[in-house]
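There are 2 protein chains.
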Amino acid sequence: MTITITAFERPPDGGKGLARDTRVRWALEEVGQAYEVRLVSFHALTEPAHLRLHPFGQIPSYEEGDLVLFESGAIVLHIAERHAGLLPKGADARARAIMWMFAALNTVEPPILELVTAKFLEGDKPWSEARLPLIRDRIRHRLGQLSARLGDADWLDGAFSAGDLLMVSVLLRLRSSGILDEFPNLAAYVARGEARPAYKRAFSAQLAINAGRFPPYQPEGAAQ
Amino acid sequence: MTITITAFERPPDGGKGLARDTRVRWALEEVGQAYEVRLVSFHALTEPAHLRLHPFGQIPSYEEGDLVLFESGAIVLHIAERHAGLLPKGADARARAIMWMFAALNTVEPPILELVTAKFLEGDKPWSEARLPLIRDRIRHRLGQLSARLGDADWLDGAFSAGDLLMVSVLLRLRSSGILDEFPNLAAYVARGEARPAYKRAFSAQLAINAGRFPPYQPEGAAQ
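Taken in order, these protein sequences are the chains called A and B. Numbering follows our numbering, with no gaps: position 138 of the first sequence is 138. Numbering follows our numbering, with no gaps: position 21 of the second sequence is 21.
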């Protein structure tokens with residue numbers, strides 16, 4: 001059955017792989033599933049045809065036969081449940097891998113998204129600069145806890161799992177902030193994720209779409 | 001096997017049921033599983049014994065034999081996967097129920113938590129008041145989309161599921177803000193959730209712990 005996902009026609013990050021379709025592409029690459037991509041313009045995100053797929057007007061959505069899903073976390077879990085490679089076999093280990101998926105999206109990502117909100121939705125406000133140190137400290141607090149738990153392990157709980165896939169994806173948002181480098185074990189953890197062939201294929205795929213429409217990719221370019 | 005969860009010894013909401021142990025209690029009540037509760041003081045949250053259970057120093061954690069979980073979303077999903085009552089039987093419907101779990105926690109809750117952050121972590125800042133209308137508008141935007149999708153249905157996708165359990169739990173955080181009442185179908189949806197016997201038992205259980213240690217419960221008391 002053909003899998004079709006949606007992605008931004010013009011990703012706001014200019015191809016740095018931070019849009020959430022990259023997470024889904026990565027999961028599909030890890031399990032070796034082919035997929036098609038339908039690009040969506042910003043304008044089309046809020047049109048009825050897209051809202052039927054994704055009521056919150058975002059990307060990615062996921063179509064597979066009669067099934068339509070949104071929420072990248074749910075899509076990654078769906079892929080992980082149906083194909084080997086992203087969840088351990090033991091029941092307890094599987095539950096812990098799913099736990100790390102939720103931890104990535106609910107505990108680690110929210111303070112990171114506050115940084116994005118502060119820059120892009122409130123960047124023109126008089127308090128914008130003054131708030132940044134507070135937000136950065138809240139991120140540091142979470143990363144300190146995550147760093148302590150990871151220790152010198154390669155992955156969060158045994159072998160690489162969907163939990164690591166989402167955690168690395170979330171932490172990648174911090175690259176341009178410099179905060180990630182304050183935690184060497186987390187920076188190395190993210191680098192291990194990026195070094196996986198499946199991640200590289202996913203990153204290249206989203207970049208290729210972008211490259212066809214945009215000025216050349218600037219790794220240290222636009223803020224995240 | 002005995003299930004043990006952790007909860008705040010002194011919930012910051014004074015027993016309004018907004019601490020995340022209520023979500024787990026509700027799930028356990030829906031599927032008819034008995035559980036024990038270990039109360040944790042604020043001081044103990046950051047001690048090594050608790051951090052071994054929950055690396056982010058929060059509640060709830062969940063212990064069942066050798067399995068230790070944190071993240072209320074992951075705990076609710078674990079319960080829903082092992083006992084009938086919170087996930088539909090069909091594969092596609094099951095995937096959609098899990099999708100709504102992620103949507104509740106990742107798309108709907110984050111702007112709501114911004115309101116909590118603004119009040120409690122930045123309430124003393126000069127920009128605190130000026131930011132509130134922006135945050136409230138971001139919440140309204142999400143709720144408008146959710147309201148449009150729910151329409152006049154009782155639940156988000158067919159029968160009540162773990163997705164509704166988490167969505168209602170997330171929306172309950174908005175009660176004191178008045179924003180929920182701007183969306184009558186969402187207010188009615190939350191009321192349907194609260195009317196479920198399992199929710200009532202969960203709410204009473206967390207309130208009982210609270211009532212033993214605090215001044216009487218004030219429904220319109222402390223801000224959320």
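Where a beta carbon is used, it is the ideal one built from N, C-alpha and C, also for glycine.
Would you grab the beta carbon distance between residue i and residue j for me? Rounded to a whole angstrom, and I think it's under 8 Å.
| i | j | result |
| --- | --- | --- |
| B:N210 | A:N106 | Not a contact, Cβ separation roughly 24 Å. |
| A:I5 | A:S61 | 7 Å |
| B:L132 | B:A118 | 6 Å |
| B:A23 | B:L156 | The sequence given here has Arg at residue 23 of chain B, not Ala. So it is not a contact: roughly 16 Å between Cβ atoms. |
| B:F102 | B:I59 | Rounded, the Cβ-Cβ distance is 21 Å, inconsistent with contact. |
| B:I112 | B:E64 | That belief does not hold up - the Cβ atoms of B:I112 and B:E64 are roughly 30 Å apart, past 8 Å. |
| B:L229 | B:L143 | Not covered by the structure: residue 229 of chain B. The range shown for chain B is 1 to 224. |
If you draw a straight line from the alpha carbon of residue i to that of residue j, how long is it in whole angstroms?
| i | j | result |
| --- | --- | --- |
| A:R82 | B:H43 | 42 Å |
| B:E36 | B:G14 | 21 Å |
| B:R175 | B:A153 | 21 Å |
| B:R96 | A:G57 | 17 Å |
| B:L207 | B:Q145 | 32 Å |
| A:I79 | B:W127 | 43 Å |
| A:G193 | A:G158 | 14 Å |
| B:A104 | B:V168 | 8 Å |
| A:A188 | A:R196 | 13 Å |
| A:E114 | B:I75 | 25 Å |
| B:D137 | B:F183 | 13 Å |
| A:W26 | A:P88 | 17 Å |
| A:V170 | B:G90 | 31 Å |
| A:D92 | A:L86 | 14 Å |
| B:R140 | B:V116 | 15 Å |
| A:D21 | A:L39 | 11 Å |
| A:V108 | B:P55 | 12 Å |
| A:V190 | A:D164 | 9 Å |
| B:M1 | B:L134 | 48 Å |
| B:L45 | B:L53 | 10 Å |
| B:K77 | B:R94 | The sequence given here places Leu at residue 77 of chain B; Lys does not occur at that position. C-alpha separation (whole angstroms): 11 Å. |
Using the Cβ count rule (16 or more neighbours within 10 Å means buried), how would you classify residue i?
| i | result |
| --- | --- |
| B:D181 | exposed |
| B:L121 | exposed |
| B:K16 | buried |
| B:M99 | buried |
| A:E129 | exposed |
| B:S161 | buried |
| A:D124 | exposed |
| B:A84 | exposed |
| B:G178 | exposed |
| A:A19 | buried |
| B:P110 | buried |
| A:G151 | exposed |
| A:P11 | buried |
| A:D66 | exposed |
| A:A205 | buried |
Would the stretch 39-55 of chain B and the stretch 52-72 of chain A be scored as touching if the rule is three or more Cβ pairs under 8 Å?
no
Report yes or no: do three or more beta-carbon pairs, one from the stretch 197-206 of chain A and one from the stretch 19-33 of chain B, lie closer than 8 Å?
no
Tell me the start and end of each unbroken alpha helix (DSSP H) in the stretch 102-190 of chain A that is at least 4 residues and wholly inside, in chain order.
109-120, 128-150, 162-172
Please specify which runs of the alpha helix (DSSP H), each continuous and at least 4 residues long, are wholly inside the stretch 39-87 of chain A, giving them in chain order.
42-45, 48-53, 72-82
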